[in-house]
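Protein chains: 2
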Amino acid sequence: MARTILASPNKEVIMGFDQPFCIIGERLNPTNRKSFMAELRAGDFSRVERDCIAQVEAGAHMLDVNAGVPLADEPKLLAQCIELVQSLCDLPICIDSSIIDALEAGLAVYKGRPLVNSVTGEDESLERVLPLVKKYDAAVVAISNDETGISVDPEVRFAVAKKIVERAQDHGIKPEDVVVDPLVMPIGAMGTAGRQAFEIVYKLRKELGVNTTCGASNVSFGLPNRHALNAHFLAMASACGMTSAIMNPLHEEEMAGIKAADVLNGNDPDCMRWIMKYREPVEGGEDGGAGGRRGGRRRRSAA
Amino acid sequence: MARTILASPNKEVIMGFDQPFCIIGERLNPTNRKSFMAELRAGDFSRVERDCIAQVEAGAHMLDVNAGVPLADEPKLLAQCIELVQSLCDLPICIDSSIIDALEAGLAVYKGRPLVNSVTGEDESLERVLPLVKKYDAAVVAISNDETGISVDPEVRFAVAKKIVERAQDHGIKPEDVVVDPLVMPIGAMGTAGRQAFEIVYKLRKELGVNTTCGASNVSFGLPNRHALNAHFLAMASACGMTSAIMNPLHEEEMAGIKAADVLNGNDPDCMRWIMKYREPVEGGEDGGAGGRRGGRRRRSAA
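Taken in order, these protein sequences are the chains called R and W. When you read off a place in the first sequence, starting at 1, and then add 1324, the result is the number in this note's numbering. When you read off a place in the second sequence, starting at 1, and then add 1324, the result is the number in this note's numbering.
Below is the structure:
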């Protein structure tokens, strides 16, 4: 069974079928956020600081960091963001860019063992990203598309993922250090998107034994009550073998879905994390006096 | 792919992998409900009427009917309850008793094609219940325990289920008319209970192609925030192939989990049921005037 180990200087996170679902905070990413882009372009990193701290407090296990700002020096900006985040918290980082020079700049400054986001099945990507992953002893997210685009056939997406895992091995990267993103489509546009994702993830687990991740919110694009759909998608995918997601840890509903999934997948020993999070207060318990009731705190929404 | 067809005189319900998850209302059951038992013993059926209507309105697809009242004439009582429920609504019924004479009394009065709850892998149960199921052309819930009890080994539980399906075939009952209950244990007592259930259900689907059901709330016994656990358990189990559950349709959280699972399993065409349930009101829409806002109704909790 694959165990992907990610680390900062002081903290190790293990991704695996027998581990709690790995929550990779998505908020340090200016894509589609105009004011965040403008701030970064102007050298204002205050939102990075705030979003970093907020995600740590919300229970993220790792943080994705992306600095994709058009017309900016992305390699320099990404390196600055990574150094800032590493000065603020000890969560391992997922270094996220579509620009390979930016990935390298991020890898050069990162302290620990990061996750590189991402390599695709395209030859140029494979030939440029995998040597970097090997050079810096990192793990890598493998996105299952190639030169022909994203196939709607789950067998093709599985085959692309398999090709990436094999190419990684040619570069000396173990399968356990390849985390496959099977590409989850919006279910509002493609009714089979969920079932396809579950089947690919199941197959990736059974046949390749690799860890998997996804952008969790994409599945509910365009639909109402997205948080409930995302939460149940994450739980369902985890039952089929998905072991992590790049997601917003500030959303309570998705986080509850993942905590429930950890319990139900047997990855919350003695259900202790669930019980600590959701237990009812004891009336007149240790914090209460003889009168009792004032001491009873509602703990359901406590951290 | 198994399609289990249940019917009342006016309504057909199909259980299957390509169908909405089948919600079997559990409320018409006096087990562990002292006042309900006392009422039934005294010939007061008012709670049956109320719970029947409430479950229909909440969206149940079928209703489980049990009349297990100690010291009462259970066959007669069960037949009375079934006739009452059939006079009140047109949902197909799951005839529920551990007393075989009561099952027969219920089958004798039922109009349509019911689900018989249940047969076990015990020889006496097989030899007495299966002929009844065949005689009345019903479908049957198969509980995967036998003379040795409930095995904690999922392979043994699968083997018991397989034996029941084979014995049913010997009696002329098709596998599609056997709905297996893999017996879900409380996760608070056995941390592997969820994963075991998912694996058995997956195997039952892949290898036997049968529909499955469970008592949904058992998994969360003894834990806080049970509704969230139950909801995610149902969604996760459905992703692995579970197609129905005996559950309380009055619990909004579990119902949302099932509706989300239907979307994500591709069994809510064009997500229309989800959209109708959860769409946001249009401000100043068709019900509003020029001023608009007063006409905007919140529809999130509408039926």
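For glycine and all other residues, C-beta sits at the position ideal for the given N, C-alpha and C.
Item                                                                                                                        : Value
Residue-level contact to chain R via CB, Ala1326/W, 8 Å cutoff                                                              : no
Under 7 Å from the C-beta of Arg1519/R: neighbouring residues of chain W                                                    : Asn1589, Gly1590
Sequence-distant residues of the same chain with beta carbon closer than 6 Å to Asp1470/R, five excluded per side           : Gly1445, Glu1446, Val1484
Minimum Cβ-Cβ distance from Ala1563/W to chain R less than 8 Å                                                              : yes
Inter-residue Cα distance where the pair is Leu1547/R and Lys1400/W                                                         : 49 Å
Local conformation of Gly1340/R per DSSP, three classes                                                                     : strand
Closer than 8 Å to chain R by CB, Phe1522/W                                                                                 : yes
Boundaries of the beta strand (DSSP E) in which Met1386/W is found, first to last residue                                   : 1386-1390
Cross-chain neighbours of Tyr1285/R in chain W, by beta carbon under 7 Å                                                    : What the structure shows of chain R is the stretch from 1325 to 1627, and residue 1285/R is not part of that stretch, so it cannot be assessed.
Ser1562/W in three-state terms, based on DSSP                                                                               : helix
Where the beta strand (DSSP E) containing Ala1569/R begins and where it ends                                                : 1568-1571
Under 8 Å between C-beta atoms of Gly1515/W and Pro1593/R                                                                   : yes
Minimum Cβ-Cβ distance from Pro1593/W to chain R less than 8 Å                                                              : yes
For Asn1535/R: DSSP bridge partner residues                                                                                 : Val1503/R
Same chain, Cβ closer than 6 Å to Ala1396/W, five either side skipped, listed in chain order                                : Arg1365
is_contact[Met1571/R, chain W] using C-beta, thresh 8 Å                                                                     : no
Amino acids of chain R, ordered along the chain, whose beta-carbon sits closer than 8 Å to that of Met1579/W                : Residues of chain R passing the Cβ test: none, with the nearest at roughly 11 Å.
Closer than 8 Å at the beta carbon, the chain W residues around Ala1584/R                                                   : Ala1552, Leu1553, Ala1555, His1556, Phe1557
Contact under 8 Å by Cβ, Gly1430/W with Ala1331/W                                                                           : no
Contact with chain W by Ile1347/R, beta-carbon distance below 8 Å                                                           : no
4-residue-minimum alpha helix (DSSP H) runs that sit fully inside the segment 1411-1443 of chain R, ordered along the chain : 1424-1433
Coarse secondary structure for Ile1582/R, derived from DSSP in three states                                                 : helix
DSSP bridge partner residues for Leu1330/W (one or two, in chain order)                                                     : Val1337/W
Nearest to Gly1539/R (by Cα), restricted to the options Val1504/R, Ile1488/R, Arg1519/R                                     : Val1504/R
Run of the beta strand (DSSP E) containing Ile1347/W, from where it starts to where it stops                                : 1346-1352
Segment limits, alpha helix (DSSP H) that includes Val1480/R                                                                : 1478-1494
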